[in-house]
Amino acid sequence: MFSRKRPFRTLLRSRSQDAPVRSGRGVFTRRALVVMAVQAGVLGALGRRLYNIQTIEGDHLRQLAERNRTSKRLLAPARGTVHDRFGVALADNKVSWRALLMPEETTDIASVIERFAQIVPLDEHDRARIERDLKHVHKYVPVTLHEFLSWDDMARIELNAPSLPGVLVDVGSTRLYPFQDLTAHIVGYVAPPNEDDVAKDTTLSLPGMRVGRAGIEQTQESVLRGDPGSVEMEVNALGRVIGEIDRVEGQQGEDVRLTLDVGLQSKVLERLGDRVASSVVMDCRNGEVLAMVSTPSFDPSLFDSGVSHAQWNEWANDPRTPLVDKAVSGLYPPGSTFKPAVAMGALKAGAVTPQDRFNCPGYFDMGGVRFHCWNKWGHGMINMREALKFSCDVYFYEVARRCGMDPIKAVGNAMGLGVKLDIELPHVRAGVIPTPEWRQQHGFHWNGGDTVNAGIGQGFVQVTPLALATYVSRIASGRNVQPHLIRATNDQISGLASLDAAPAVDIPQEHLNVVRAGMFAVVNEQHGTAPKARLDLPDVQMAGKTGSAQVRRVSRALRESGHFNSMSLPWEYRPHALFICFAPYDDPRYAVSVVVEHGNAGADEAAPLAKQIMTDTLLRDPSNQFRPPGQTVAQAEPEQG
């Protein structure tokens, strides 16, 4: 059968129509593959990201999420307390309230501070401190906006909390000094840390942290400070605290117990009154300091909240120097209280014997210069014991001339004079016992007049009241007792050092006996220089030595005129009055030094004070053996300021 063939054009058209169908299928397949590849890549990236989030970054992201809900900060530890020997608090802590700013919880610190200042005013000092703290602390460390908030201040802050993100009211503590000026120089004070302090220890940037700046607070800083704790708080989206999640209390600093008897301290201050003076009471058996008073004093609590410029200028310009602890930092010519050291130095050097007698006509001539005795009529021929009893200047001029300064300095240093004593206080000064070498080091020539002048404790000789108390303690005990104030930490009272525990001083016993006998005669024998120091207690006798130290030279013409009276001088030109003593004489327990600035005569001013202070000390002795029958003395602390 005949089949009609398609025309060529028809065949081409037919093939051209079939071609697009086959081409469309190929394009669709490639697109599907691309889509699938993209989906697989996205799913892979998503999976990888999920893996990173859940596995690699899980802990970090969990912390970030938790941080949106919680706020964690460090807590300043409670500072250790300071007590006297009977447990009476001398430095304690008192609860106070403060406003803190958490920098990491707000995005606009400046505006928050301005809004806070509209609620609780901030002065220029506060603003400068806040700016400094924000520059130097980490964001997670809170910054103190204002301390010592009142109840009204706290109420206003809480009422405006939504507009103060990152601001919270926190409980802290302030340092309390119950006895104020009575123990200020010994206990010291604390103050906010400065930039140097924070650079050395970043924990000091915590709100409420304080640094000891004087006294025991300064020297025992590492013991009293403690270790910080932490608190974790739950907060809302505005940063307002909802509740506390966890708290780890810091470790409170250790408590420190002193050798001080605050009751006796109060008695000594009462005796000194409004004089510019200092006094130290020591147990000469073990070196414990029972009382150490420097007047006038100051209120240490002012430093915790900040001392005003007016108050600081008042203290700094006061000629009585209330901020200076005169007991350890005040340097005074010892006057005739130095004569026992001169006597022991000369005896040890073999320059004189106790029996040697020298004539005192009332003056001593050397190199064309006349050195006077305090008694212008002279004492006649006297030996060492009598020279101490009468406090003859001429005798000790001659002894110093024969001996020279080196043996005197060696004995003085051994007895605690002219050396820095290792007591737990800052700014302890050593004093000076001069020698020709010392003088040359300062660019001057030493002459014979310097030696004889030093023989009566004048010229370049300088000592502190603490050194005088140590000196007389070593004379009384014959032992190298070391003065100290720390008795225990954390209420664990250490065993008291016995007298035998201290090594003997490098002075022959017979030399000590000569000096003790002379000091006994000063107080208890007729014509001694300190009859006003004689104790009224039955069967108790005291040995001592007077001293009057000039602060300006008196001309020969004025002395010989017969019209000179140092009491007629302006106060700042009058001699210092000094007295050192120990009691009981036959069994020494306590040593006392008294220095009254410009008090004129040691026999008239310092000796009666020493008698009163020694009496108070003996009456408070724990053995009760010095109290008259039927008399009791309470150990209770004095009234707190």
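Adding 71 to a residue's 1-based position in the sequence shown gives its number in the working numbering. Quick reminder that beta carbons are idealized off the backbone N, C-alpha and C, glycines included.
Item	Value
Simplified DSSP state of Ser379, which is helix, strand or coil	coil
Cβ neighbours of Arg473 in the same chain (closer than 8 angstroms, five flanking residues each side left out)	Ala417, Ala422 and Val423
Boundaries of the beta strand (DSSP E) in which Arg328 is found, first to last residue	Val327 to Leu329
Beta-carbon contacts of Val534 that lie in its chain and below 6 angstroms, excluding the five residues immediately before and after	Pro405, Leu488 and Gly502
His256 burial status per 10 Å Cβ neighbour count (16 or more: buried)	buried
C-beta atoms of Thr688 and Leu335 nearer than 8 angstroms	yes
Integer-rounded CB distance, given that Gly451 should sit under 8 angstroms from Asn430	7 angstroms
With 16 other Cβ atoms within 10 Å as the buried cut-off, status of Gly112	exposed
Within 8 angstroms, strictly: CB atoms of Lys616 and Lys682	no
Ser548 in three-state terms, based on DSSP	helix
8 angstroms Cβ shell around Pro579 - same chain, five flanking residues per side excluded	Leu418 and Lys419
8 angstroms Cβ cutoff met for Pro727 and Phe467	Absent from the structure is residue 727, since the part of the chain shown begins at 72 and ends at 712.
Short Cβ contact (8 angstroms threshold) for Val663 with Ile684	yes
Extent of the continuous alpha helix (DSSP H) to which Cys474 belongs	Asp464 to Cys474
CB contact flag (Ala620, Leu649, <8 angstroms)	yes
Ala348 versus Pro646, Ala654, Asp658 and Leu690, residue with shortest Cα-Cα distance	Pro646
Helix, strand or coil at Asp658 [DSSP, three-state]	coil
Three-state secondary structure assigned by DSSP to Phe591	helix
Spatial distance of Asn357 from Val611 (CA atoms)	21 angstroms
Gly115 to Arg101 span [Cα, whole Å]	21 angstroms
Per-residue burial, Gly526 [other beta carbons within 10 Å of its own, 16 or more giving buried]	buried
Limits of the alpha helix (DSSP H) - the one that Val399 falls within	Lys397 to Ser400
Trp168: first and last residue of the uninterrupted alpha helix (DSSP H) it sits in	Per DSSP, Trp168 belongs to no alpha helix (DSSP H); it is in the beta strand (DSSP E), Ala160 to Leu172.
Run of the beta strand (DSSP E) containing Val214, from where it starts to where it stops	Val214 to His217
Contact belief for Ala160 with Pro249 at Cβ below 8 angstroms, rounded distance in angstroms	6 angstroms
Residue range of the unbroken alpha helix (DSSP H) whose run includes Lys338	Val333 to Leu343
Residue interval of the alpha helix (DSSP H) (run including Ile34)	The first residue shown for the chain is 72 and the last is 712, placing residue 34 beyond what the model contains.
Nearest-angstrom Cα separation, counted from Leu121 out to Leu104	25 angstroms
CB of Asn551 within 8 angstroms of CB of Val585, strictly	no
Gln529: CB within 7 angstroms of a non-hydrogen atom of the ligand ADP	This structure does not include the ligand ADP; it has no bound ligands of any sort.
Same chain, Cβ closer than 6 angstroms to Phe461, neighbours up to 5 away in sequence not counted	His450
Which listed residue (Leu583, Ala170, Thr152 and Glu175) has its alpha carbon closest to that of Asn164	Thr152
Gln511 to Asp607 span [Cα, whole Å]	49 angstroms
Which residues DSSP lists as bridging His647, in chain order	Ala620
Coarse secondary structure for Ile257, derived from DSSP in three states	helix
Where Gly615 falls: helix, strand or coil (DSSP)	strand
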